[in-house]
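Structure first, commentary second.
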Amino acid sequence: MKDVYILGIESSCDETSFSIVKNGVEEISTVISTQIDIHKKYGGVVPEIASRAHIKNITFVLEECLEKAKLKIEDIDAIAVTYGPGLIGSLLVGVECAKTLAFLYDKPLIPVHHISGHIYANNLVKRLEFPLIALVISGGHTELIYMERDYSFKKLGGTLDDAVGECYDKVAKVLGLEYPGGPKVDKLASLGKITYNLPIPLNDDSYNFSFSGLKSAVINLVHTEKVRGNEIRKEDLCATFQDVVIKSLTKKTMKAIEEYKVKNLILAGGVAANSGIRNKFQELASSMNINYTFPSIKYATDNAAMIASSGYYAYKEGRRADLTLNALSSTELK
Ligand code: KG4
Ligand code: ZN
């Protein structure tokens, strides 16, 4: 069978990325240009600045990706692009670039949902095995998804308010840690002890999550301690916070594994880079005899390799977009 090369484009938030992936599993080259240093001083991503930075970077990142792969656009079989969800101005830059390339070089255009990209980041580690449960945890999403085969997504539940990554970043901010705070909270948590008291959010039998109450509980605790003149033990607060997050995520995920009788679990999204979360799931998966995969750190956060991998299976399914493809800031995974 002829090899299929997909060019992936990702620009939904603050990373401009291109990647070429062969047959959905073999990464040929990936370039990620992150804007973290630009947004750091504002304590979070500023959408208008993000879209301008994408415009400035996009052609350079594309050129570097092709150069690294020693390929030309003529060698590519199809162009896959994140069309949503994400920041509308950022998404538009990638979508317009993809449409231009598809038109100029007469290539099929494949629309890829950002979450499916995060899920397929695991396909670059090990070919997905089905049926599976995917726990998607990122700065914008917290979702439990059941997949019977490639490109069949059944959402079991999701967050009712904040995403788990957003909660990590807010907790980091109140502790005076730099954006993006998730990795810093992770590091401190590994050094601390569970000594504070925080509630487990939405501790019910549904597959939904809630993190805004937990975020408020941490903010209130920090303010109360300050007023009382007590010093915050950052390591211990991070350890306590992370423990509560892990309890919430593992309880619902393990319930889904049992109810859907699956033998495969994958983690996806930026928060899947969290060492505490990875390790706890590893422990549980081993005790339940479940195959467990998580993306490599590089492919946990936003990148185009995951979009190219997902795009390969969308391509095989015959999914195509025409030049009317538009960016969508919010859209369901289908
Ligand atoms: O997937 P991603 O790059 O963007 C979205 O699609 O939202 O995820 C970014 C999020 C940020 O909130 C960041 O703080 C979080 O992932 N993150 C982490 C860790 N590494 C990244 N959160 C907790 N622990 C980490 N090690
Ligand atoms: Zn993402």
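Just so you know, the working numbering puts 148 at position 166 of the sequence shown, and the rest follows in order with no gaps.
Even for Gly, the Cβ is constructed at its ideal location relative to N, Cα and C.
Bridge-paired residues (DSSP) for residue i
i, result
"Val253", "Beta-bridge pairing links Val253 to no other residue."
"Pro113", "Beta-bridge pairing links Pro113 to no other residue."
"Met129", "Leu114"
"Leu247", "Ile115 and Tyr274"
"Lys137", "Ile127"
"Val63", "Ile(-9) and Pro93"
"Lys4", "Tyr(-13) and Glu8"
"Glu(-3)", "Thr16"
"Phe191", "Thr141"
"Ala303", "Leu91"
Alpha-carbon to alpha-carbon, residue j and residue i
i, j, result
"Asp88", "Leu(-11)", "14 Å"
"Tyr65", "Phe191", "25 Å"
"Glu213", "Gly174", "15 Å"
"Ser172", "Val227", "14 Å"
"Gln264", "Tyr274", "7 Å"
"Glu56", "Lys50", "15 Å"
"Ile272", "Ser278", "19 Å"
"Gly68", "Leu266", "32 Å"
"Tyr189", "Gly140", "7 Å"
"Ser312", "Ala103", "21 Å"
"Lys208", "Leu196", "18 Å"
"Gly71", "Val13", "21 Å"
"Asp218", "Ile289", "37 Å"
"Asp151", "Met(-17)", "46 Å"
"Lys280", "His100", "12 Å"
"Lys216", "Lys108", "37 Å"
"Asn308", "Val204", "43 Å"
"Ser230", "Leu170", "20 Å"
"Phe112", "Tyr242", "12 Å"
"Ala287", "Val63", "11 Å"
"Asp19", "Lys52", "30 Å"
"Leu184", "Lys262", "20 Å"
"Asp59", "Glu125", "31 Å"
"Leu356", "Ile(-9)", "Outside the shown range of the chain, which is -17 to 316, sits residue 356, and nothing can be said about it."
"Gly46", "Leu110", "Note that residue 46 is Glu in the sequence shown here, rather than Gly. Going from the Cα of Glu46 to the Cα of Leu110 covers about 29 Å."
"Ser198", "Leu315", "29 Å"
"Tyr(-13)", "Asn285", "17 Å"
"Thr82", "Ile61", "10 Å"
"His123", "Gln224", "17 Å"
"Ser194", "Asp(-15)", "46 Å"
"Ser268", "Ser98", "26 Å"
"Thr177", "Phe42", "49 Å"
"Gly158", "Gly258", "21 Å"
"Tyr24", "Ile37", "20 Å"
"Cys220", "Asn256", "12 Å"
"Arg131", "Thr232", "23 Å"
"Gly54", "Gly293", "Contrary to the premise, residue 54 reads as Lys rather than Gly in this sequence. When rounded, the distance between both Cα atoms is 19 Å."
Own chain partners of residue i with C-beta closer than 8 Å, once the 5 adjacent residues on each side are dropped
i, result
"Ile40", "Ser(-7), Thr(-2), Val75, Gly76 and Cys79"
"Ala154", "Glu160, Tyr161, Pro162, Gly163, Gly164, Lys166 and Val167"
"Asn179", "Thr222"
"Lys270", "Just to set this straight, residue 270 is Met in the shown sequence, not Lys. Cβ neighbours of Met270 beyond the five flanking positions: Met236 and Ile239."
Residues of its chain near residue i, where Cβ-Cβ distance is below 7 Å and the 5 sequence neighbours each way are ignored
i, result
"Arg302", "Pro90, Leu91 and Ile92"
"Val28", "His21"
"Tyr133", "Tyr295, Ala296 and Glu299"
"Leu114", "Met129, Val244, Asn246, Leu247 and Ile248"
"Ile201", "Val156"
"His96", "Ser(-6), Thr64, Gly66, Pro67 and Gly68"
"Phe85", "Leu305"
"Asn105", "Gly6, Val7 and Ser291"
"Ile182", "Val226, Lys229 and Ser230"
"Thr16", "Asp(-4) and Glu(-3)"
"Val210", "Here the sequence assigns Arg to residue 210, which means Val is not the residue at that position. For Arg210, where only same-chain residues beyond five positions count, there are no Cβ hits under 7 Å."
"Leu310", "Tyr65, Gly66 and Pro67"
Cβ shell of residue i (< 6 Å), same chain only, five flanking positions each side left out
i, result
"Val276", "Position check: residue 276 holds Phe in this sequence, whereas Val was assumed. Closer than 6 Å at the Cβ level, and outside the excluded window around Phe276, lie Leu249, Ala254 and Arg260."
"Thr283", "Gly252"
"Gly26", "Tyr161"
"Leu142", "Asn190 and Ser192"
"Asp186", "none"
"Ile127", "Ala116, Phe135 and Lys137"
"Ser1", "Gly(-10), Thr12, Ala286, Ala287 and Ala290"
Closer than 6 Å: residue i CB and nearest ligand 3 heavy atom
i, result
"Ile10", "Summarising the ligand content, the structure contains ligand 1 and ligand 2 and does not contain ligand 3."
Residue-chain proximity (residue i, chain B), Cβ-Cβ < 7 Å
i, result
"Ile2", "The question asks about chain B, but that chain is absent: this structure has only one protein chain."
Item to complete: Count the C-beta pairs between the region 72 to 84 and the region 18 to 33 that are closer than 8 Å, then say yes if the count reaches three, no if not.
Response: yes
Worksheet entry | Neighbourhood of ligand 1 [Cβ distance below 5 Å to any heavy atom], ordered by chain position | Ser120, Gly121, Gly122, Gly147, Tyr150, Asp151, Pro162, Gly164, Pro165, Asp168, Gly251, Gly252, Val253, Ala255, Asn256, Thr283 and Asp284
Worksheet item: Per the contact definition of three or more C-beta pairs closer than 8 Å, is the region 138 to 146 in contact with the region 119 to 126?
Response: yes
Discussion item. Does the contact criterion of 3 or more C-beta pairs under 8 Å hold for the region 236 to 245 versus the region 120 to 138?
Written reply: yes
Worksheet item: Between the region 1 to 17 and the region 284 to 304, are three or more C-beta pairs nearer than 8 Å?
Response: yes
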